[in-house]
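Residue 161 is where the first sequence starts when you use my numbering, and the numbers rise one by one after that.
One structure is given below, encoded as C-alpha cells.
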Amino acid sequence: MSESNKSNKDILQAPRGMRDFYGTPYQQKSNFFEYARMIASSYGFTGIETPILEHTEIFLKGIGEGTDIIDKEMYNLTTLGGDRLTLKPEGTAPIMRAYIEHGMGALPQPQLFYYESPFFRHDKPQKGRYRQFYQFGLEIMGSRDPLYDALTIEVGYRIIQKTGKKVVVKINSLGTRDIRASYTETLVAFYREHQSKLAEGDQERIDTNPFRILDSKEPETVTVNQSAPTLIESLDKASRDHFTSVTDTLDGLDIPYEINPFLVRGMDYYEHTVFEYVTYDNENQESFALGGGGRYDGLAELIGHTTSIPSVGLGLGADRIIEISDDTFTTNPGDRIPMIVTENSLYVHASQLLQKCTNNKLFMYPLFTKIGKQMSRIEKEGYTRVCIIGEDEATNQQVTYKDLTTGEQRTLSYKELNNLS
RNA sequence: GUGACUAUGGUAUAACGGUUAUUACUCCGGGUUGUGGUUCCGGCAAUGUGGGUUCGAUUCCCGCUAGUCACCCCA
C-alpha cells in the first residue's frame with residue numbers, strides 16, 4: 161500500500177515508456193497499419209481483435225516461466241472480483257485462446273488472421289523500445305504445411321520492404337520440443353565442461369538461458385562456441401525436411417535470408433521454424449530486429465487444449481518500422497482541397513454544399529476567421545489549392561477555385577467541382 | 001533489473017552563485033473589414049519535482065520523476 165506522492169507536474173506526463181500520438185506520428189502509425197492490412201488481406205488474411213487483458217495463466221503457460229517476459233515484464237492486476245489478469249505482452253497466445261474458445265477447428269483449415277494492437281511490457285525504455293508498443297501480426301492456425309511458414313515470412317517481408325531499407329531474414333529451426341529438450345541437455349553438459357573458459361556473464365546463463373550463450377559476443381565465449389554442438393545437426397529427418405522446404409520456397413521468392421543456428425526467440429512455445437527480420441544501420445553490421453516469429457505447433461496444448469493445433473505466425477514492431485522509414489508513412493496533404501468561407505454566416509451554406517458534393521477531396525477547413533488568416537495557414541500546412549465561398553459564389557451556386565502554386569484562380573460550378581481531380 | 005549521461009516557455013536555446021531569466025520559431029492580436037508564401041508592431045508562455053549548502057541557487061550537492069545510451073533482453 162504505497163501512497164502516491166506524485167506532484168502535479170509528475171502526473172501531467174504520460175507514464176514511463178508510454179506516449180501520446182497526435183499529428184504526424186499518429187498518421188504514420190495509422191498509415192502503416194493500413195498498408196500492412198492491405199498486404200495481408202491480399203494474401204487471404206482476415207482481421208481479429210482480442211481483449212487488452214487476458215487471464216494471467218494464458219501467458220504463464222504459453223510464453224513460459226523462466227523467460228524475461230514472464231519473470232519481470234508483465235503488467236499484472238487483480239480485479240475487484242479476485243481474477244488475476246494481465247495486460248497482453250504479445251499477441252499469439254490470446255489468439256490461440258480465441259481459436260480454441262470459439263471452436264475454430266471446425267472451420268475450414270487453416271485460418272489466417274492479421275491483427276494490430278498495443279502490447280505491454282514493463283521493460284526499461286530506450287529508443288525503439290517502449291512499455292506500450294505496437295505490433296502488426298499474422299497467425300496461420302490449423303496446418304503444419306511448411307508452405308505456410310514461407311507464406312508468413314513472405315508477407316512480413318513484403319510489408320517491411322515498404323521502408324525501402326535493406327532487410328534480411330534470419331532463420332533457424334528449433335526442431336520439435338523433444339529434440340530441443342535433449343539438445344538443451346547436451347548443450348548444458350557441454351558448457352559445464354567448458355565453464356571456466358566462458359566469459360563471466362555467460363557462465364551464469366548456463367542455468368538461466370543456455371541458448372543465449374550461443375549468441376554471445378564475448379570473445380572467450382565465441383571461441384568456446386566454435387566447438388559447441390548445434391541444433392541443426394541434431395534435427396531428425398522430418399524436421400530437416402520441413403526446414404529445407406521453407407528455405408527452398410524462400411529461394412524461389414527471392415527473399416534474402418541467412419541461416420543462423422544461434423537464433424532463438426523470447427517465447428518458449430516455438431518449434432521448427434523461427435525467424436527474425438533485421439535491418440542494417442548504414443552498412444554497419446549492428447542491426448535491429450524489426451519483427452520475428454515462428455511455428456508454434458505445441459502452444460494449444462501448453463495453454464490447456466486437448467490436442468495440438470499446428471500454427472505459424474509473426475509480429476512486426478510498428479514503432480521500429482516507422483522509426484526507420486523516413487517519410488514513407490507520412491500523409492501528404494497536397495492532394496486534398498480545403499474549402500473556406502469569407503463570412504461565418506456562410507458556414508451553413510458550405511456544409512450543405514459539402515453534403516451534396518461527390519468530390520471526396522473537398523473538406524470543410526475548420527478555421528473561421530479572416531480570409532487572409534485562412535489562406536496563410538492553408539499554405540503553411542502544405543495544401544496546394546483551395547475553394548473559396550463568399551456571398552457572390554453562394555448566390556450564384558458557384559465556388560472560387562485557386563491553385564496556390566501558380567496563384568491562378570477561376571470560378572467553378574458545382575458540377576465542375578465534382579469532376580475536379 | 002544494473003550502470004552512465006541529461007533536464008530552462010509548445011519547440012530550439014542564453015544566463016562568473018547576485019536587478020524584471022536571453023533570443024529565435026510556433027501560436028494569438030494588429031498594420032491589410034474577399035485572397036497565402038515577404039515585412040513591421042504588440043501579446044501569451046519556462047528554470048521537471050522535493051530537500052540541502054548559501055545572505056542569496058537556473059547555476060553546487062542528494063532523493064524522486066522523465067529522457068537518452070550501454071548491459072540484460074527484445075518488437
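By construction, the Cβ of each residue, glycine as well, lies at the ideal position given by its N, Cα and C atoms.
Computed from a predicted model, the values in this text were never measured in an experiment.
As DSSP reads the structure, Asp-563 sits in a beta bridge with Arg-545.
Beta-bridge partners assigned by DSSP to Met-301: Gln-271 and Ser-471.
Of Tyr-440, Thr-439 and Pro-421, the smallest CA-CA separation from Thr-433 is found for Pro-421. Beyond the five residues adjoining it in sequence on each side, Asp-309 comes within less than 7 angstroms, by CB distance, of Val-406, Thr-433, Arg-455 and Val-472 in the same chain, given in chain order.
Secondary structure at Leu-572: strand, using DSSP grouped into helix, strand and coil. Under the three-state reduction of DSSP, Glu-418 is assigned to strand.
Taking C-beta atoms under 8 angstroms as the contact rule, Ile-497 and Thr-323 fail to qualify, at a distance of about 30 angstroms. Straight-line measurement puts the Cα of Gly-458 at about 24 angstroms from the Cα of Val-329.
Secondary structure note for Ile-255: its alpha helix (DSSP H) is the uninterrupted segment 252-261. Per the coordinates, the alpha-carbon of Ser-202 lies some 12 angstroms from the alpha-carbon of Ile-319.
Residue state for Thr-466 is assigned as coil, using DSSP reduced to three classes. The beta carbons of Pro-254 and Glu-214 sit about 5 angstroms from each other, so the pair counts as a contact at 8 angstroms. With a threshold of 16 other beta carbon atoms within 10 Å, Leu-237 falls short and is exposed.
In this structure Ile-463 touches Lys-221 by the C-beta definition: roughly 5 angstroms separates them, less than 8 angstroms. Here Ile-199 is near Val-315, since their CB atoms are less than 8 angstroms apart. Looking only at Leu-506, Lys-540 and Arg-244, the smallest Cα-Cα distance to Gln-557 is reached by Leu-506. Straight through space, the alpha carbons of Leu-358 and Val-384 are spaced by roughly 7 angstroms. Look at Lys-330 here: in three-state DSSP terms it is strand. The distance from the Cβ of Phe-280 to that of Arg-291 is about 6 angstroms, consistent with a contact at the 8 angstroms cut-off. In this structure, Thr-502 keeps its C-beta atom at 8 angstroms or more from the C-beta atom of Gly-452.
Looking at Ile-373, Leu-334, Asp-338 and Gly-335, the one whose alpha-carbon comes closest to that of Phe-350 is Ile-373.
Between Leu-564 and Arg-537, the gap from beta carbon to beta carbon reaches 8 angstroms or more. Residue burial annotation: Ile-300 is buried, with at least 16 other C-beta atoms found within 10 angstroms of its C-beta. DSSP, read as helix, strand or coil, puts Val-424 in coil. The way I'd put it, the region 406-415 doesn't touch the region 338-347; fewer than three beta-carbon pairs between them come closer than 8 angstroms. Here the C-alpha atom of Tyr-294 lies approximately 29 angstroms from the C-alpha atom of Gly-335.
Phe-181 sits exposed, since fewer than 16 C-beta atoms from the chains shown fall within 10 Å of its C-beta. Taking 8 angstroms as the upper bound for CB-CB distance, Cys-517 and Asn-579 are not in contact here, some 11 angstroms apart. For the pair Asp-487 and Gly-242, the Cα-to-Cα distance works out to about 47 angstroms. Take Ile-392, set aside five residues on each side of it, and the residues of its chain with a beta-carbon closer than 7 angstroms to its own are Ser-333 and Pro-421, in chain order.
Between Thr-439 and Val-508 a beta carbon distance of about 52 angstroms is seen, past the 8 angstroms cut, so the two are scored as non-contacting. Residue burial is scored here from C-beta neighbours: Asp-231 has fewer than 16 other C-beta atoms within 10 angstroms and is therefore classed as exposed. A straight line joining the alpha-carbon of Leu-172 with that of Arg-179 spans about 12 angstroms. Within its own chain, the residues whose Cβ lies closer than 7 angstroms to the Cβ of Asp-362, once the five positions on either side in sequence are excluded, are Ile-373, Ser-376, Glu-378 and Thr-381, listed in chain order. Exposed is the label assigned to Ser-387, since fewer than 16 other Cβ atoms lie within 10 Å of its Cβ.
Selection Gln-355, Pro-285 and Thr-560 evaluated against Asp-479 yields Pro-285 as nearest (Cα-Cα).
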